[in-house]
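Read through the structure below, which is laid out as structure tokens, and then see the notes.
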Amino acid sequence: MTSTERIRNFCIIAHIDHGKSTLADRLIQKARLVDDRNFQDQILDNMDIERERGITIKSQAVTIPYTDSGGIEYELNLVDTPGHVDFSYEVSRAINSCEGALLLVDASQGVQAQTLSNMYLALEHNLEIVPVINKIDMAAADIPAVKDQIDRDLGLDSDTALLVSARLGTGIDEVFEAIVRRIPAPRGDPALPLRAIIFDCRYDPYRGVVVHVRLFDGKLRKGMKIRFMSNNSCYEVEAVGFFRLALIEQEELAAGSVGYFIAGVKTVSDVRVGDTVTGAENPCERALPGFREVKPVVFSSIYPVDSNDYEELKISLEKLKLNDASLIYEKDSSVALGFGFRCGFLGLLHLEVIQERLEREFNQSVIFTAPSVKYKVHLRSGEEIFVDNPQDYPEEGRIESAEEPYIRASVMSPVNFLGNIMTLCLEKRGVQVNMSYLDQKRVELIYEMPLAEVLFDFYDRLKSISRGYASFDYDITGYKSTELVKLDILLNGKAVDALSQLVFRGNAYERARFVCERLQEEIPRQQFKIPIQGAIGSQIIARETINPVRKDVRAKCYGGDITRKRKLLEKQKEGKKRMKMVGDVELPQSAFLAVLKTRED
Numbered sequence: 010m011t012s013t014e015r016i017r018n019f020c021i022i023a024h025i026d027h028g029k030s031t032l033a034d035r036l037i038q039k040a041r042l043v044d045d046r047n048f049q050d051q052i053l054d055n056m057d058i059e060r061e062r063g064i065t066i067k068s069q070a071v072t073i074p075y076t077d078s079g080g081i082e083y084e085l086n087l088v089d090t091p092g093h094v095d096f097s098y099e100v101s102r103a104i105n106s107c108e109g110a111l112l113l114v115d116a117s118q119g120v121q122a123q124t125l126s127n128m129y130l131a132l133e134h135n136l137e138i139v140p141v142i143n144k145i146d147m148a149a150a151d152i153p154a155v156k157d158q159i160d161r162d163l164g165l166d167s168d169t170a171l172l173v174s175a176r177l178g179t180g181i182d183e184v185f186e187a188i189v190r191r192i193p194a195p196r197g198d199p200a201l202p203l204r205a206i207i208f209d210c211r212y213d214p215y216r217g218v219v220v221h222v223r224l225f226d227g228k229l230r231k232g233m234k235i236r237f238m239s240n241n242s243c244y245e246v247e248a249v250g251f252f253r254l255a256l257i258e259q260e261e262l263a264a265g266s267v268g269y270f271i272a273g274v275k276t277v278s279d280v281r282v283g284d285t286v287t288g289a290e291n292p293c294e295r296a297l298p299g300f301r302e303v304k305p306v307v308f309s310s311i312y313p314v315d316s317n318d319y320e321e322l323k324i325s326l327e328k329l330k331l332n333d334a335s336l337i338y339e340k341d342s343s344v345a346l347g348f349g350f351r352c353g354f355l356g357l358l359h360l361e362v363i364q365e366r367l368e369r370e371f372n373q374s375v376i377f378t379a380p381s382v383k384y385k386v387h388l389r390s391g392e393e394i395f396v397d398n399p400q401d402y403p404e405e406g407r408i409e410s411a412e413e414p415y416i417r418a419s420v421m422s423p424v425n426f427l428g429n430i431m432t433l434c435l436e437k438r439g440v441q442v443n444m445s446y447l448d449q450k451r452v453e454l455i456y457e458m459p460l461a462e463v464l465f466d467f468y469d470r471l472k473s474i475s476r477g478y479a480s481f482d483y484d485i486t487g488y489k490s491t492e493l494v495k496l497d498i499l500l501n502g503k504a505v506d507a508l509s510q511l512v513f514r515g516n517a518y519e520r521a522r523f524v525c526e527r528l529q530e531e532i533p534r535q536q537f538k539i540p541i542q543g544a545i546g547s548q549i550i551a552r553e554t555i556n557p558v559r560k561d562v563r564a565k566c567y568g569g570d571i572t573r574k575r576k577l578l579e580k581q582k583e584g585k586k587r588m589k590m591v592g593d594v595e596l597p598q599s600a601f602l603a604v605l606k607t608r609e610d
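Put into structure tokens, the structure is as follows:
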């Protein structure tokens with residue numbers, strides 16, 4: 010047996026909450042990579058935020074040793090992937106470094122929207138797919154129905170599906186055997202020049218950038234000089250090895266392996282996910298095809314709470330981009346908040362995660378502005394521009410028409426929630442394209458709807474009206490014309506540029522009312538009256554007022570003439586008027602966050 014024939018590279022893909030991390034836990038426990046005393050659930054999820062939310066955000070790799078019934082030793086490289094649609098880019102990168110995939114299906118919920126989209130992603134890369142029916146120990150498990158769905162919806166052979174309970178550890182031996190027997194060994198020649206793809210990185214403050222690679226050809230050894238092909242920067246390798254929960258150093262990595270190397274890379278921008286690594290003295294002929302360019306769909310600006318922290322925020326974002334290749338950012342500035350960055354995200358959950366990681370891992374205090382999508386604006390001059398920042402929106406008189414991005418949304422749900430889901434989609438300006446019954450209990454709805462409507466609270470509301478059973482997936486289809494307006498929020502008569510939003514004209518009044526109400530709750534009372542107004546151009550469409558804190562100036566007037574009290578009140582009124590002219594309203598950080606929250610929150 011050659012060295013590559015004993016290697017298997019595989020990933021676990023599934024819909025959210027179908028048990029990917031739990032199955033990874035059982036495989037790691039079975040291989041005794043960690044003793045029972047040090048074991049903890051979701052062992053590959055090493056960020057606090059992943060444990061708290063119970064979701065996987067980052068793909069994690071681990072090398073598992075396995076000896077089969079014939080006594081042959083194998084090296085199994087497992088990549089655990091996220092299930093949430095916002096992190097599908099992580100999944101696509103993990104799939105690119107594997108030859109096979111375990112496709113998990115929940116025995117009680119069956120095939121869901123992300124199950125399908127992740128399977129198609131794996132098929133695009135010609136991966137060998139092994140169906141696994143998980144959670145067979147649950148009372149609601151319906152194995153024959155799920156097998157039927159695997160045959161009909163996925164087009165896979167349900168007779169080859171493995172029956173597993175990752176929670177109890179049932180069927181784990183069969184999973185190991187299926188990985189070895191059914192997933193092909195990686196192809197690659199150790200004798201050829203080095204050719205490896207970077208599929209992830211992270212920053213270590215002591216050793217520089219830790220680069221995660223999958224080797225396709227050649228060997229990577231300590232002391233070797235390497236070159237990054239995208240920018241031709243050269244480094245000397247200080248350490249190589251593979252992942253066994255901790256980093257285990259080796260003398261070399263050969264073709265087909267998944268591992269890491271450290272080369273004292275301190276210039277963070279030199280390393281790019283998707284880049285090809287080759288030898289500096291004996292380079293390969295051409296680079297590997299990288300990953301598809303990520304297209305952000307949600308845009309928001311980040312500003313430091315203290316403007317002196319701008320440089321620190323810049324360094325933090327650079328380090329975060331190493332670990333999250335789907336984050337895109339550029340410099341931005343605001344009158345209210347100073348200098349910051351305009352960032353692109355793959356969805357609202359992605360935005361929340363970046364915010365929490367900046368605060369926890371890099372100790373940054375930041376403010377996010379209201380999220381928006383990228384609109385296409387046609388000007389009267391014949392020019393066409395893209396706008397994602399309300400500050401860049403042209404004046405009304407210059408605009409001919411505007412278009413907004415639309416998505417093709419696929420919602421899978423049990424039949425009894427159908428009415429509520431259709432009402433929600435209509436409310437979000439959705440147009441039904443198709444409705445098909447997958448079986449007696451499940452239905453699939455296809456809607457075309459604006460991406461901006463899905464941003465705020467669509468996913469949360471879909472989950473609550475379907476009691477968590479409906480699943481949702483979407484693809485961006487293109488642009489359609491819309492009536493777009495810029496909603497300004499005025500505080501004490503002054504526009505706060507960081508609170509401006511681009512909204513559909515039909516939703517402008519509701520959105521303005523909502524923001525004004527939220528700000529009224531969050532802004533502390535002052536000595537003078539503060540009007541909060543929502544405006545489109547010069548037209549005020551919503552208003553709330555924060556009443557002043559008032560001192561009782563009549564306290565010392567016992568009885569007596571009413572005109573004496575009036576005089577004191579008039580005097581106070583004059584003073585407040587003068588104060589209002591010079592008074593500036595401080596906006597607390599909680600006010601910015603409150604505007605992003607939905608009504609239910």
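Heads up: the sequence shown is residues 10 to 610, going by our numbering.
Glycine included, each C-beta is placed from N, C-alpha and C at the ideal position.
Quick check for students: name the residue ranges of the beta strand (DSSP E) that lie wholly in the stretch 96-134, counting only runs of 3 or more. 109-115
Give the C-beta separation of residue 6 and residue 145 to the nearest angstrom, bearing in mind that I take them to be a contact with Cβ-Cβ under 8 Å. Because the chain here runs from 10 to 610, residue 6 falls outside it and cannot be looked at.
Does the beta-carbon of residue 554 have 16 or more other beta-carbons within 10 angstroms, so that it is buried, or is it exposed? exposed
Would you kindly check if the distance between the Cβ of residue 453 and the Cβ of residue 447 is under 7 Å? yes
Within a Cβ cutoff of 6 Å, which residues of the same chain sit near residue 205, ignoring the five residues on either side of it in sequence? 222, 224 and 286
Under 7 Å between the Cβ atoms of residue 262 and residue 229? yes
So residue 424 is in the beta strand (DSSP E); what residue range does that whole segment cover? It is not in any beta strand (DSSP E) - residue 424 carries neither H nor E in the DSSP assignment.
Residue 339 vs residue 351 beta-carbon contact at 7 Å: yes
Report buried or exposed for residue 441, applying the criterion of at least 16 other Cβ atoms within 10 angstroms of its Cβ. exposed
Are the beta-carbon atoms belonging to residue 271 and residue 296 less than 7 Å from one another? no
Rounded to the nearest angstrom, how far is the Cβ of residue 212 from that of residue 331, given a contact under 8 Å? 5 Å
Can you tell which of 445, 251, 428 and 319 has its C-alpha closest to the C-alpha of residue 71? 251
What are the start and end residues of each continuous beta strand (DSSP E) run of 3 or more residues lying completely inside the stretch 260-340, in chain order? 261-263, 267-271, 285-288 and 307-313
Unbroken alpha helix (DSSP H) runs of length 4 or more, entirely within the stretch 149-182: which are they? 152-158
Alpha-carbon to alpha-carbon, residue 73 and residue 244: 29 Å
Identify every residue that forms a DSSP beta bridge with residue 485. 416
What residue from 581, 309 and 298 has the CA that sits closest to residue 398's CA? 309
Note down, one range per segment and in chain order, each alpha helix (DSSP H) of at least 4 residues found wholly within the stretch 372-408. none
In three-state DSSP terms, what is residue 234? strand
Using the beta-carbon count (16 or more within 10 Å), is residue 134 buried or exposed? exposed
Helix, strand or coil for residue 39 per DSSP? helix
Three or more C-beta pairs closer than 8 Å, one from the stretch 408-415 and one from the stretch 374-385: is that the case here? yes
Which of helix, strand or coil does DSSP assign to residue 55? Its pLDDT being 48, under 50, residue 55 is placed unreliably by the model, and the measurement read from it follows with that caveat. Coil at residue 55, not helix or strand.
DSSP beta-bridge partners of residue 140: 112
Do residue 157 and residue 197 have their CB atoms nearer than 7 Å? no
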